[in-house]
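Notes to accompany the following structure.
In the numbering used here, the protein residues as written are 91 to 646.
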């Protein structure tokens, strides 16, 4: 089979104006970014507010493995399949980060014949949103250091500046740096560090803001550090929320593209799910729901991370509810969760598959705990045997769980027709009863414990001395009623990436907390999770190239 990039380059995609006509948008509702991309107006959601909402379908998955799950591919394929059964469907996805694209994971535009296009643009610089967020984030760093250098009117303690610089690449060398060296005219020397851009609070702010006014209010609330008297200092006190909003004036507008089968796709915002809240923008999802009968969206990694944050953070901020969930799994990944070595996954192994089903079972229980109906999507691989497929079907059916074998990678929307039928069936026949994991009135420690125990299956949590002090501090500052955003490895239900399957009796170590007051949540760092990833020994970038005529190879 051809590579993803070869399939994408051969696709017959429509000029973006034709996609806007499919959505009955007027000229005032969008502006072109080349032939195949458009920016939607930041006033569009307000214009559409009286329209009824379509059904919101959340795609999530089991804990990811190197064997691959294909959650974005299933999301795209399901959207295409829904249109094939005459349901007006729109896809809402995150923007890919250059960190995993150039590193290990690869892009996030789907795969095979279920891709959003132009994938080479989407996986690289797209419309510049992530660059704008990088610039706004680092402008704030420059403003902070300049304020300290120019007399420090707010009495900021350089040792207690919490705001980090960012870069949208994996660069472990930048995790801890010292700035301001070189003498008095170069600024105040202090310790600093870099996060990856998609972990920036400004990314979260952009994705949760309802409009420009809300964006500015959230930017003003960002906590940048503390004074010598240990009093908090915000962007609003510095006075730069207007300048930051100016740098984001185009990035706040959602991006419109299409799939290989010309299904409209809105791609906007891209926070990581293991170190941030893992969902595309609230505005993009809500616009898609206004323009379509069905919107298929996704949340990063497994249901323990992306889906939990989608429910506890995004739906609260956006004031909406999903109508159904699709849980994606592959037989290969389930066997790996059951103890099968990666190099042997092509071999039939019903015992490993049986053991691995425990991971899927926990994610099913999590979605049931949210009070949402779901369909299990088994993303087909050529190495899957008939016995393995039958085992999974019987296992799911014995638990009264709807299951569908999908082949959207090889067949596009055609390979997801059964899944589309079952999703429609669930939406039309089953009621939702949305339940959050915790109440906002719970204190921060209780919120963290509830997530660890209810969603991860942990026995308990263990707070480091630093985390204990921060809990007291943040409660005192009035942040106790905020949601929490857990930063945890995606590979395991626990905070130990080596514990696959469904570990039990484990304790989640809470290392550190960070206040994201502008975004409206508290980030909780568990285990050894890093907010600036590193590159693997052989990065994906080694295989990438561009020819003299501009043809890209090796992107995925």
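For each residue, glycine too, the CB sits at the ideal point set by N, CA and C. Note that the structure is a prediction, hence the values are computed from the model and not measured.
| Do the stretch 517-528 and the stretch 492-499 make contact, defined as three or more Cβ pairs closer than 8 Å? | Not touching, per the Cβ criterion.
| said: On the DSSP letters alone, give me the boundaries of the alpha helix (DSSP H) that residue 352 sits inside. | reply: Here residue 352 refers to the residue found at position 262 of the chain shown. It is not in any alpha helix (DSSP H) - residue 352 carries neither H nor E in the DSSP assignment.
| field | Range of the contiguous beta strand (DSSP E) that encloses residue 122 | value | On the chain shown, residue 122 is found 32 positions in, with the first residue counted as 1. Note, residue 122: beta strand (DSSP E), 120-122.
| request: Starting from residue 444, follow its DSSP beta bridges and name the residues at the other end. | output: The residue labelled residue 444 in the question sits at position 354 within the chain shown. According to DSSP, which records beta bridges pairwise, residue 444 is partnered with nothing at all.
| Bridge partners - residue 201, DSSP secondary structure assignment | Walking along the chain shown from the start, residue 201 turns up at place 111. Paired residue(s): 204.
| Less than 8 Å separating the beta-carbons of residue 609 and residue 398? | As a position in the chain shown, residue 609 is number 519, starting the count at 1. As a position in the chain shown, residue 398 is number 308, starting the count at 1. It is not a contact, given that the beta carbons lie outside the stated cut-off.
| said: Please give me, in chain order, every unbroken run of the beta strand (DSSP E) with length at least 3 that falls completely inside the stretch 254-308. | reply: 255-257, 267-269, 280-282, 284-286
| Taking the alpha carbon of residue 149 as the point to measure from, which residue in 452, 573, 419, 636 has its own alpha carbon closest? | Working through the chain shown from its first residue, we reach residue 149 at position 59. Looking only at 452, 573, 419, 636, the smallest Cα-Cα distance to residue 149 is reached by 419.
| field | Complete alpha helix (DSSP H) runs within the stretch 537-594 (minimum length 4 residues, chain order) | value | Restricting attention to alpha helix (DSSP H) runs no shorter than 4 residues, the stretch 537-594 encloses them at 555-566, ordered along the chain.
| message | Taking 8 Å as the limit between beta carbons, can you name the residues of its chain near residue 62, skipping five residues before and five after? | response | A query on residue 62 cannot be resolved here, the shown segment of the chain reaching from 91 to 646 and no further.
| field | Residue burial classification, residue 618 (beta-carbon count within 10 angstroms, cutoff 16) | value | In the chain shown, counting from the first residue as 1, residue 618 sits at position 528. With fewer than 16 other Cβ atoms within 10 Å, it is exposed.
| said: Which of the three DSSP states is assigned to residue 229 in this structure? | reply: Position 139 of the chain shown, counted from the start, is the residue given in the question as residue 229. Reduced to three states, the DSSP call for residue 229 is helix.
| Hey, out of 285, 331, 337, 324, whose CA is closest to residue 257's CA? | Your numbering for residue 257 matches position 167 in the chain shown. Closest by alpha carbon: 285.
| Under a Cβ-count criterion, where at least 16 other Cβ atoms within 10 Å of its own Cβ denotes burial, should residue 549 be classed as buried or exposed? | Indexing the chain shown from 1 puts residue 549 at position 459. With fewer than 16 Cβ atoms within 10 Å of its Cβ, residue 549 is classed as exposed.
| said: Can you list, in chain order, the residues of its chain with a C-beta nearer than 7 Å to that of residue 440? Leave out the 5 residues immediately preceding and following it. | reply: Start at 1 with the first residue of the chain shown, and residue 440 comes out as number 350. 477, 478, 481, listed in sequence order.
| message | Using a Cβ-Cβ cutoff of less than 7 Å, which residues in the same chain neighbour residue 535 once the five nearest sequence positions on both sides are dropped? | response | Translated into the one-based positions of the chain shown, residue 535 becomes position 445. Answer for residue 535: 561, listed in chain order.
| In DSSP terms, what residue 369 is bridged to | Counting from one through the chain shown, the residue named residue 369 turns up at place 279. Residue 369 pairs with 389.
| task | Could you tell me the distance, in whole angstroms, from the CA atom of residue 270 to the CA atom of residue 571? | result | Along the chain shown, one-based indexing puts residue 270 at 180. Along the chain shown, one-based indexing puts residue 571 at 481. C-alpha separation (whole angstroms): 37 Å.
| Thinking just about the alpha-carbon of each residue, which of 451, 509, 345, 423 is nearest to the one in residue 488? | Mapped onto the chain shown, residue 488 falls at position 398. Comparing Cα-Cα distances from residue 488 to each of 451, 509, 345, 423, the minimum goes to 451.
| message | Out of 125, 116, 92, which one is the CA nearest neighbour of residue 106? | response | In the chain shown, residue 106 corresponds to position 16, counting from 1. The option with the nearest alpha carbon to residue 106 is 125.
| task | Please determine, among 219, 278, 273, the residue with the shortest C-alpha to C-alpha distance to residue 246. | result | Here residue 246 refers to the residue found at position 156 of the chain shown. The candidate whose alpha carbon is nearest that of residue 246 is 278.
| query | Excluding sequence positions up to five away, which residues of its chain have a Cβ less than 6 Å from the Cβ of residue 265? | reply | Here residue 265 refers to the residue found at position 175 when the chain shown is read from its first residue. Excluding the 5 residues flanking it on each side, residue 265 has same chain C-beta neighbours closer than 6 Å at 283, 622, in chain order.
| message | Just checking: is the beta-carbon of residue 371 within a distance shorter than 8 Å of some beta-carbon in chain B? | response | No chain B appears in this structure, which consists of one protein chain only.
| task | Kindly indicate which three-state DSSP category residue 247 falls into: helix, strand or coil? | result | Taking the first residue of the chain shown as 1, we reach residue 247 at position 157. In the structure shown, residue 247 sits in a strand (DSSP, three-state: E or B).
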